[in-house]
Every structure is written in C-alpha cells, then in structure tokens.
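What follows is a single structure, written as structure tokens, with notes after it.
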Amino acid sequence: MGSVNFITHADVLQLIAKRTAEDCIIFLSGPTSRKTPLSLLRMKDVIAVNGSVQYLLNNNVKPFLYLLTDIRFLHRRREDFYNFSRNSQFTIVNLDVY
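Spelled out as structure tokens, the structure:
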C-alpha cells in the first residue's frame, strides 16, 4: 500500500457532498444483516465493513463507503480487499490495519 493519507475535514465534506441519500446504512457481517431488504440497501448510501461487502456485491449493491477495520481480514483475504475496494465508491482503511 502507498503512503498514509489521513482523513481531513475537507475529505469529510466531500463525502457528504457525494452522498445520494439523506440516510445511510452501516452494513456489518452479522446474521441479521441479510434480513435487511435489498430494496432498502439499494435506496440508501451503504457503509460496508470488512467482509460484509461480499453479500452486497453478490446482490448488485455498490457500497458508498468500504471500511476495513480488521487486520486479520486483510491477511486472510487480501484479494477480496482489493476487489471490495475497487467496487466501492470510497475506501477507508483504519490506521491500525494500514
């Protein structure tokens, strides 16, 4: 991975400006996440965490923001990380993972 870029206030404002919905959904990998209606996921900006992106992409939902917080995920599924990052509008990697 390249050099470290920290998120600035201007970056946050850019994310806010590019949102497409008033609300967002934070989508995790727990068992109840799959009970969220796909129609709702398609209507909202979705922030997806770690491996939860796989379910979204399998169901043609493009994450607004992909958040990687777990170093183990990166070590075990690096290619998935690259794929998830490419298929999300924005990607943020926790500094502890980076």
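Here full-length UniProt numbering is used: the first residue of the sequence shown is 1, the next is one more, and so on.
Every residue, glycine too, gets a C-beta built ideally from N, C-alpha and C.
Write down every uninterrupted run of the beta strand (DSSP E) in the region 34-85 whose length is 3 residues or greater and which is fully enclosed by it, in chain order.
For the region 34-85, the continuous beta strand (DSSP E) assignments of 3+ residues that do not extend past its boundaries occur at 45-49 and 65-68, in sequence order.
Between the alpha carbons of Arg78 and Val93, how many angstroms are there, rounded?
In the sequence shown, the residue the question calls residue 78 occupies position 78. In the sequence shown, the residue the question calls residue 93 occupies position 93. Cα to Cα, Arg78 sits roughly 13 Å from Val93.
Proximity below 8 Å, CB of Ala10 to CB of Asp45
On the sequence shown, residue 10 is found 10 positions in, with the first residue counted as 1. On the sequence shown, residue 45 is found 45 positions in, with the first residue counted as 1. At a Cβ-Cβ threshold of 8 Å, Ala10 and Asp45 do not count as neighbours.
For Val12, does the three-state DSSP call read helix, strand or coil?
The residue given as residue 12 occupies position 12 in the sequence shown. Note: Val12 maps to helix in three-state DSSP.
Between Leu41 and Ile25, is the Cβ-Cβ spacing less than 8 Å?
Taking the sequence shown and counting its residues from 1, one reaches residue 41 at position 41. Taking the sequence shown and counting its residues from 1, one reaches residue 25 at position 25. In this structure, Leu41 lies near Ile25, with their beta-carbon atoms less than 8 Å apart.
Give me the residue from Asp96, Phe84, Asp23 and Thr8 with the minimum Cα distance to Val61.
Translated into positions along the sequence shown, residue 61 becomes position 61. Measuring from the Cα of Val61, the nearest candidate turns out to be Phe84.
Per DSSP, what are the beta-bridge partners of Thr91 in this structure?
As a working mapping, residue 91 is identified with position 91 in the sequence shown. Bridge partners of Thr91: Tyr66.
Since Leu74 and Leu65 should fall inside the 8 Å C-beta cutoff, what is the C-beta to C-beta distance between them, to a whole number of angstroms?
Within the sequence shown, residue 74 is the residue found at index 74, counting from 1. Within the sequence shown, residue 65 is the residue found at index 65, counting from 1. Under the criterion of beta carbons closer than 8 Å, Leu74 and Leu65 do not qualify as touching, at roughly 17 Å.
For Leu56, does the count of other Cβ atoms within 10 angstroms reach 16, so buried, or fall short, so exposed?
By 1-based counting over the sequence shown, the position of residue 56 is 56. Looking at its Cβ environment, which holds 16 or more other Cβ atoms inside 10 Å, Leu56 is buried.
If contacts are defined as beta-carbon pairs under 8 Å, then Val49 and Leu28 qualify, I think. What distance do you get, rounded to the angstrom?
Looking up residue 49 in the sequence shown gives position 49. Looking up residue 28 in the sequence shown gives position 28. Between Val49 and Leu28, the beta carbon gap of about 5 Å places them in contact (Cβ cut-off 8 Å).
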